[in-house]
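**Q** Heads up: the sequence shown at position 35 corresponds to 35 in UniProt numbering, and the numbers run straight through without jumps.
Here it is, the structure in full.
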Amino acid sequence: MSEEPAQPELAEQLHRINHRLRRRWGSQLAPHGMSPHYYRALAAIAHSPHVEDGGVSGLKLRDIAERLRIAPRSATEVIDGLEERGLVQRVPHPKDRRATLVVITDEGRALHEELRVERQRSSKEFFAVLNEADRGELSRLLGKLIDAHPRPERDS
């Protein structure tokens with residue numbers, strides 16, 4: 001019978017693999033002038049729902065900050081960077097004159113799609129050392145940990 005790994009060892013293994021995935025993804029984003037925060041913001045905006053009866057898809061800065069779990073000021077800096085590159089733009093909210101929506105541009109949508117495909121390819125390559133059953137088991141176990149330890153609410 002094999003010896004059970006100590007919990008600190010498991011935590012260290014998870015930390016190491018997370019670090020490797022993040023570095024790998026960061027190095028794939030860099031040639032596009034993107035950081036992980038930029039990509040996550042672009043993805044959130046790309047997948048934003050249509051504003052009811054507004055005919056436009058976008059997010060308020062506050063919603064972007066919440067989704068990225070960063071301070072609103074940091075979200076503003078991320079959006080400023082994306083806007084300078086022509087990947088997003090700020091438009092008046094169609095239902096609330098006091099609010100502004102951040103919407104993705106055609107250039108932003110094209111880059112998001114290119115990076116999404118690249119991330120999918122890279123993930124497939126990264127996890128190729130595991131067979132289908134192992135990947136399923138890893139997914140199940142990680143899901144179990146995620147469900148058991150929900151992310152704490154962000155401090156206000």
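Beta carbons are placed, not taken as given, at the ideal position from N, Cα and C, and that holds for glycine.
Looking at C-beta atoms only, is the number of pairs between the segment 103-123 and the segment 23-31 that lie closer than 8 Å three or more?
**A** Touching, yes, given that three or more Cβ pairs across the two stretches are closer than 8 Å.
**Q** Any chance the segment 76-95 sits against the segment 54-65, with 3 or more Cβ pairs inside 8 Å?
**A** The segment 76-95 is in contact with the segment 54-65.
**Q** What number of angstroms, rounded off, separates the C-alpha of residue 66 from the C-alpha of residue 102?
**A** Within the sequence shown, numbered from 1, the residue matching residue 66 stands at position 66. Within the sequence shown, numbered from 1, the residue matching residue 102 stands at position 102. For residue 66 and residue 102, the distance between alpha carbons rounds to 14 Å.
**Q** On the criterion of 16 or more Cβ atoms from any shown chain inside 10 Å, does residue 156 qualify as buried, or is it exposed?
**A** Numbered from 1 along the sequence shown, position 156 holds the residue referred to as residue 156. Residue confidence is low: residue 156 scores 44 on pLDDT, short of 50, so the model does not pin down where it sits. Its coordinate-derived value is still stated next. Exposed, by the Cβ-count rule.
**Q** Can you give me the C-alpha to C-alpha distance between residue 45 and residue 12, rounded to a whole angstrom?
**A** Residue mapping note: residue 45 aligns to position 45 of the sequence shown, counting from 1. Residue mapping note: residue 12 aligns to position 12 of the sequence shown, counting from 1. In a straight line, the C-alpha of residue 45 is about 33 Å away from that of residue 12.
**Q** Given this structure, state the Cα-to-Cα distance separating residue 110 from residue 96, to the nearest angstrom.
**A** Residue mapping note: residue 110 aligns to position 110 of the sequence shown, counting from 1. Residue mapping note: residue 96 aligns to position 96 of the sequence shown, counting from 1. Taking the straight line joining both Cα atoms gives about 29 Å.
**Q** Quick check on DSSP: helix, strand or coil for residue 117?
**A** For the purposes of this step, residue 117 is taken as the residue at position 117 of the sequence shown. If DSSP states are grouped into helix, strand and coil, residue 117 belongs with the helices.
**Q** Going by other Cβ atoms of all chains shown within 10 Å of its Cβ, with 16 needed for buried, is residue 144 buried or exposed?
**A** Against the sequence shown, residue 144 aligns to sequence position 144. Looking at its Cβ environment, which holds fewer than 16 other Cβ atoms inside 10 Å, residue 144 is exposed.
**Q** Under DSSP, the alpha helix (DSSP H) around residue 78 begins and ends at which residues?
**A** Indexing the sequence shown from 1 puts residue 78 at position 78. Counting along the chain, the alpha helix (DSSP H) containing residue 78 begins and ends at 72-84.
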